[in-house]
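Taking numbering that gives the first Met the number 0, the leading residue of the sequence shown gets 0, the next gets one more, and so forth. Some notes on the structure that comes next.
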Amino acid sequence: MGMDRGKQPRPANADHALARATSRRSAIDSFIVMDVMNRAAAREAAGHRVIHMEVGQPATPAPLEAREAAKRAIDAGALGYTLALGTEPLRERIARHYREFYRIEIAPERVVVTTGSSASFVLAFLALFDVGARVALPEPGYPCYRHILSALGQLPVSIETNAQTRWMPTAQSIAALADTAAGIDGVLIASPANPTGTMLEPERLAEICQLCDERGIWFISDEIYHGLTYTGAADTALAHSDEAIVINSFSKYFSMTGWRVGWMIVPERLVRSVERLAQNLYIAPPAISQVAALAAFDARPELHANKAVYARNRELL
0 MGMDRGKQPR PANADHALAR ATSRRSAIDS FIVMDVMNRA AAREAAGHRV
50 IHMEVGQPAT PAPLEAREAA KRAIDAGALG YTLALGTEPL RERIARHYRE
100 FYRIEIAPER VVVTTGSSAS FVLAFLALFD VGARVALPEP GYPCYRHILS
150 ALGQLPVSIE TNAQTRWMPT AQSIAALADT AAGIDGVLIA SPANPTGTML
200 EPERLAEICQ LCDERGIWFI SDEIYHGLTY TGAADTALAH SDEAIVINSF
250 SKYFSMTGWR VGWMIVPERL VRSVERLAQN LYIAPPAISQ VAALAAFDAR
300 PELHANKAVY ARNRELL
């Protein structure tokens with residue numbers, strides 16, 4: 000007899016398929032900025048005019064020097080894998096940047112070029128913290144820090160801030176968390192901060208670095224908005240501790256968000272650990288983006304002009 004075509008047998012593994020679930024670590028909150036960006040793109044596709052204030056990127060393009068260098072590299076044709084830690088010329092130029100702008104000597108070997116600063120955070124969290132580690136973050140703050148930590152099985156711990164502390168942690172507030180029974184394994188602070196825009200004063204940054212060094216707490220300094228300050232220069236954590244992990248990017252001051260290229264400075268003893276992780280997770284940062292990033296350092300006049308535009312916008316607000 001023929002099989003009843005209206006009653007097809009269920010596959011033998013159907014019950015197993017229905018029982019499958021995604022991992023707990025994937026159940027993190029969305030980065031709402033990107034959800035809003037999706038909605039904005041849909042409105043634009045439908046013919047509406049949209050003023051984009053949802054995502055943190057400059058309205059200016061990558062500097063001309065960077066774009067021209069990328070064109071030349073494309074015409075040259077050789078854009079394969081680079082070293083996992085980035086090209087030597089770019090690492091050397093980033094080290095020189097610290098000498099020129101902060102008067103700090105950084106060995107190029109300590110520079111790690113990454114696929115945007117986002118990859119820097121993943122590499123830092125994996126290199127420094129095991130599952131269950133507790134990492135202190137100021138509130139309010141950039142939400143992706145806690146989402147990445149959660150996805151890696153680590154525990155974000157809030158540091159409450161207020162107007163009196165200029166929306167920044169103090170050494171005392173960090174020490175209070177370190178003195179609890181659970182303690183903390185690390186601290187991450189962005190200065191200038193997102194979303195508040197406030198900075199750590201050099202004296203407070205020095206106190207926090209000293210506290211972390213004395214207590215054996217890893218300190219990660221997000222310095223992605225350096226170069227875009229208006230009432231004084233930003234201080235780098237590297238001026239106060241060789242143990243600090245500094246993260247920066249070409250996205251903000253250098254106006255290169257879509258190129259996805261950033262960097263981190265790590266203590267010499269961490270370089271190989273980070274390199275092994277970078278090799279396996281990312282192979283290498285994008286070659287074309289590294290070419291453009293190297294050239295962007297020669298675009299200071301254009302970048303200063305961009306900053307003047309932002310300053311006018313700041314006055315309007």
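Glycine residues also receive a C-beta, built at the ideal position from the N, C-alpha and C atoms. Note that this is a predicted model, so its numbers are computed, not measured.
Does the distance from the C-beta atom of Leu336 to that of Ile188 stay below 9 Å?
Missing from the structure shown is residue 336; the chain here goes from 0 to 316 and no further.
Of all the options Phe253, Ser288 and Thr228, which has the alpha carbon lying nearest to the alpha carbon of Arg313?
Thr228
What's the call for Phe218, buried or exposed, on a 16-neighbour Cβ count within 10 Å?
buried
In chain order, which continuous runs of the beta strand (DSSP E) of length 3 or greater are located wholly inside the stretch 149-189?
154-159 and 185-189
Beta carbon of Ala94 nearer than 9 Å to that of Val111
no
Counting along the chain, where does the beta strand (DSSP E) carrying Ile246 start and finish?
Ile244 to Ser248
If contacts are defined as beta-carbon pairs under 8 Å, then Ser116 and Asn247 qualify, I think. What distance do you get, rounded to the angstrom?
7 Å
From which residue to which residue does the alpha helix (DSSP H) around Pro300 run?
Arg299 to Leu315
Could you say which of Val134, Val35 and Thr256 lies nearest to Pro62 if we only look at CA atoms?
Thr256
Is the stretch 281-300 in contact with the stretch 58-72, if contact means three or more CB pairs nearer than 8 Å?
yes
Let me make sure I understand the geometry here. Which of Val121, Glu159, Ser220 and Asp241 has the alpha-carbon closest to that of Ala233?
Ser220
Using DSSP's beta-bridge definition, name the partner residues of Met255.
DSSP lists no partner for Met255.
Going by other Cβ atoms of all chains shown within 10 Å of its Cβ, with 16 needed for buried, is Ser22 buried or exposed?
exposed
Closer than 6 Å by C-beta to Ala123: which residues in its own chain qualify, once you throw out the five before and the five after it? Chain order, please.
Ile219 and Ile244
Does DSSP classify Glu138 as helix, strand or coil?
strand
Is the number of C-beta pairs between the stretch 34-52 and the stretch 146-166 that are closer than 8 Å three or more?
no
8 Å CB neighbourhood of Tyr80 in its chain, flanking five on each side removed:
Ile282, Ala283 and Ala286
Pull up the CB-CB distance for Leu210 and Ile173, whole angstroms please, since I reckon it's below 8 Å.
6 Å
Whole-angstrom distance between Gly55 and Arg268, CA atom to CA atom
33 Å
For Asp212, the three-state DSSP class (helix, strand or coil)
helix
Backbone CA spacing between Ile183 and Ala294 [nearest angstrom]:
40 Å
Helix, strand or coil at Ile50 [DSSP, three-state]:
coil
For Gln171, is the classification buried or exposed, using 16 other Cβ atoms within 10 angstroms of its Cβ as the cut-off for buried?
exposed
Can you tell me where the alpha helix (DSSP H) with Asp391 in it begins and where it stops?
The first residue shown for the chain is 0 and the last is 316, placing residue 391 beyond what the model contains.
Report yes if the C-beta distance between Tyr144 and Phe120 is below 9 Å; otherwise report no.
yes
Quick check on DSSP: helix, strand or coil for Asp221?
strand
Using DSSP's beta-bridge definition, name the partner residues of Val112.
Trp262
In three-state DSSP terms, what is Arg95?
helix
Straight-line Cα distance separating Glu53 from Leu316
16 Å
Let's see if you can read the secondary structure: which residues bound the alpha helix (DSSP H) around Leu280?
Val270 to Tyr281
Reducing DSSP to helix, strand and coil, say where Arg19 ends up.
coil
Just confirm the distance between the C-beta atoms of Ser288 and Val265, as a whole number of angstroms; I'd bet it's less than 8 Å.
Actually they do not touch by this definition, with Cβ atoms about 20 Å apart.
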